[in-house]
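Residue numbers (our numbering), protein chains in the order written: chain B, 62 to 681; chain Z, 59 to 408. Just so you know, even glycine gets a beta-carbon here, dropped at the ideal spot from N, CA and C.
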């Protein structure tokens, strides 16, 4: 704990016992804080801000897609010149799509999800007083903040923000002549993302170090809650893949500003032939997806980890196949690095490469299927308590299955020819990665809110929020499969220019209305969140009767998390409803010697070792 | 004034909702229902999940029946029929998995919702079960994989030698197509030669280019393979022929290609769809800027004899731009070039 003490009292000799509480100034405590809990909340609030903004953008383009003939003059106060004669500017439409993607993938589901829960839960669940480096952790947030500011500013500039899709494929993104968003907007996008990558790396390195080094006594790797496994592996994926995006972005910056030709070749645009020869736009796609695909799992794995924990707790059962769950996380993480080119089957890449990537892609379905089955098996013969967090976790599993299954179709190169870049893809990834991860994040907020703020969120509002969101998101994304089967290309401002795509107008309207309602319901959640911070019912220290270590801290854990000794861990985190136990849960810090009636055969030996441990004077 | 009234109305509504919410909270506090482990709604969620299950299954099948008429008509290419079949077979397989898993996922919450008098079943793992649900998906995947690989390999193999060749060029925001003319060979091109008239950057000194022609519609010959040679001259585009199940990116600096065999003529398709206005279309599926959504190009599939007639009726690009051609020839023809080099030699020798 590298706490810098700003208020050194001259008349007092400090013992510099770091477990002691120092009075900190407001700025050190809440703004430039090094406390992982505050940093987690900073990430959370920033993530929620971005979620509203990114979601709001999708409302605007759903308006265009559902009601292409509507007069949008009433949006002029908000969008100004982007509304021309009552119509949305087509380039602005593309800007909205691009920013929606960027914001949701990076700022909400990477920073908002990993940033919040890795920060909050890693020290609390492994029994550490804080992150390995509080300072790096603080830097990680403030780099993210700077990145956010730049991205936010880019929305308001005259030429518009980046507009070439969140994948920013050059040459479109490299040439300001190609579209106005590729001017200053793209420069800001690249600056912002570079800072974002720095933030992500600082965070990830910290998470990895903390999990490896700062586990409390007895917390072996096989006693880690699955949340921690998911965060750890997510961080490792991030460390290995984000630098590749950084290099891709760097080369793009060179092409844009210094006249190099990494991605550009033989281009004639705006009445002139450019000097660039020898570059390859496909190279960028390889580099981009080398991050881009693992990124899907960076977004999804923390949500799956959170879900594992919540489903086990609220089914009052151990998670089914704990080791298989770890194995499948490791399997998914490994495979996530060697499937990237399935985004590129029809880019003109060598078809043999397509065959290989098709093989590897379909393999990733096996560990994913194992996860889905294990969740369902955990529910079987449980004693299920439907907290809002539990509802959202079950929702996640449903979305994970529904969206994941169509991956078998898209991963098949022969079928991808027709479906690539159609609404079928949009439906697929919004279900499996967008909605599923979003549900994981919301579930996490409901579940750990009592530990974050010492109060409970209102459960009834949570139920309403869940049911409207669960049904609503299905109504938004499921119908997109039909539109995709009909061949509708994505990122189209309007489909009516084609005979083949001028159908489904009523369905598009339906999707838009469902999207508006689903978005509106999120404000109920926002109200619940803010209201409960101040006025929510006071929480008990372990409101969900959970086993993990964070619930052994006081209701409002202070700096250092535990007022006294950090608890020692004696068992895995999933001893729910053990036969012979008094209660239906046994927290990780309860020694085996205290639960003689419920110990299993192999635990009896462990218990003897443990007793020797406890009786030795050094242990206590 | 109306805006003000609407705002007041909305505020009032929100205030009422907030009061309702507060009253609910207070009633719950008085009743002490917060002290119970689960509230009364716990069982309700189980029923809702099952109701939702029926809703989504019925909705899915029901809407499929409605949506059928909007799907693309049967594939107008040989490989498209195969990929369509594989698509629907795969859909069938994942549908089984979808229904099986979702039924369990939604019925368990109803069956095993919390009861005070019951304890959950401590069941941490079962290796046989886990092995079963690892191996079964793996087998299904292998089957899907190999049927996909077979089709993919046949689609991506070399184009047959008798293929008609067409060049498709993407630019912001239109398609251009070039046919090789009677010699069957496209003339060389260079992006440096592109200008307002010479959209392809055709090298006039290449004799193969002299009979190339640039029509306003894309014509395919029914029953004969066609090889699309795809290029882009500014940013990425993607050739999408939805009715033929064809898609391939157009990449600046890297020519790509796709070959397939059209099997249904435009006239036949008009009959099949009962739509006298029906036209095959070419669209762009890689975002390319402002006009991305409007890169429509008409495609016609002719019966072989019509195709021959159409070919004969086309005028070469050279014949349509005689002046431009003559001027370019002066600049670039080998004799003109050698003159220049001779001059240079003379200059250097001085």
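Which term fits residue i, buried or exposed, when burial requires 16 or more other beta carbons within 10 angstroms of its beta carbon?
| i | result |
| --- | --- |
| residue 69/B | Residue confidence for residue 69/B is low, a pLDDT of 38 falling below 50, so the modelled location carries little weight; the figure read from the coordinates is stated next. Per the 10 Å Cβ criterion, exposed. |
| residue 341/Z | buried |
| residue 105/Z | exposed |
| residue 331/Z | exposed |
| residue 163/B | buried |
| residue 623/B | buried |
| residue 671/B | buried |
| residue 128/Z | buried |
| residue 280/B | buried |
| residue 65/Z | exposed |
| residue 185/Z | exposed |
| residue 660/B | buried |
| residue 123/Z | exposed |
| residue 94/Z | exposed |
| residue 270/Z | buried |
| residue 393/Z | exposed |
Can you check whether the C-beta of residue i is within less than 7 Å of a C-beta belonging to chain B?
| i | result |
| --- | --- |
| residue 228/Z | no |
| residue 72/Z | no |
| residue 256/Z | no |
| residue 268/Z | no |
| residue 217/Z | no |
| residue 152/Z | yes |
| residue 192/Z | yes |
| residue 260/Z | no |
| residue 249/Z | yes |
| residue 126/Z | no |
| residue 386/Z | no |
| residue 141/Z | yes |
| residue 409/Z | Lying outside 59 to 408, the shown extent of chain Z, residue 409/Z is not represented and no answer is given. |
| residue 359/Z | no |
Can you list, in chain order, the residues of its chain whose CB lies under 7 Å from that of residue i, leaving out five sequence neighbours each side?
| i | result |
| --- | --- |
| residue 65/B | Here residue 65/B scores only 41 on pLDDT, less than 50, and its place in the model should not be relied on; the value that follows carries that caveat. Nothing meets the Cβ criterion. |
| residue 482/B | 550, 551 |
Does the beta carbon of residue i come closer than 7 Å to any beta carbon on chain Z?
| i | result |
| --- | --- |
| residue 482/B | yes |
| residue 444/B | yes |
| residue 639/B | yes |
| residue 680/B | Residue placement at residue 680/B cannot be trusted, given a pLDDT of 41 that sits under 50; what the coordinates show is reported in the next sentence. False, the Cβ-Cβ gap to chain Z never drops below 7 Å. |
| residue 645/B | yes |
| residue 476/B | yes |
| residue 64/B | With a pLDDT of 42 at residue 64/B, under the threshold of 50, the modelled position of this residue cannot be trusted, and the question is left open. |
| residue 667/B | no |
| residue 144/B | no |
| residue 379/B | yes |
Could you tell me which residues DSSP pairs with residue i in its beta bridges?
| i | result |
| --- | --- |
| residue 279/Z | 360/Z |
| residue 318/Z | 284/Z |
| residue 148/B | 145/B |
| residue 307/Z | 296/Z |
| residue 174/B | The partner list for residue 174/B (beta bridge, DSSP) is empty, contrary to what the question assumes. |
| residue 312/Z | 309/Z |
| residue 171/Z | 445/B |
| residue 228/Z | 233/Z, 290/Z |
| residue 342/Z | 297/Z |
Identify, in the order they occur along the chain, each residue of the same chain with its Cβ nearer than 6 Å to the Cβ of residue i, setting aside the five sequence neighbours on each side.
| i | result |
| --- | --- |
| residue 605/B | 374 |
| residue 132/B | 147 |
| residue 401/B | 350, 351, 354 |
| residue 77/B | Confidence is the limiting factor: at residue 77/B the pLDDT is only 43, short of 50, which leaves the residue's position unreliable, though a coordinate-based value still follows. None. |
| residue 161/B | 115, 118, 119 |
| residue 494/B | 357, 360, 361 |
| residue 611/B | 185, 186, 512 |
| residue 317/Z | 217, 221, 283, 285 |
Within a Cβ cutoff of 8 Å, which residues of the same chain sit near residue i, ignoring the five residues on either side of it in sequence?
| i | result |
| --- | --- |
| residue 382/B | 431, 435, 438 |
| residue 414/B | 402 |
| residue 391/Z | 262, 263 |
What are the complete beta strand (DSSP E) segments, minimum 3 residues, inside the region 378-407 of chain B? none
At 3 residues or longer, and completely inside the region 502-570 of chain B: list those beta strand (DSSP E) runs for me, N to C. none
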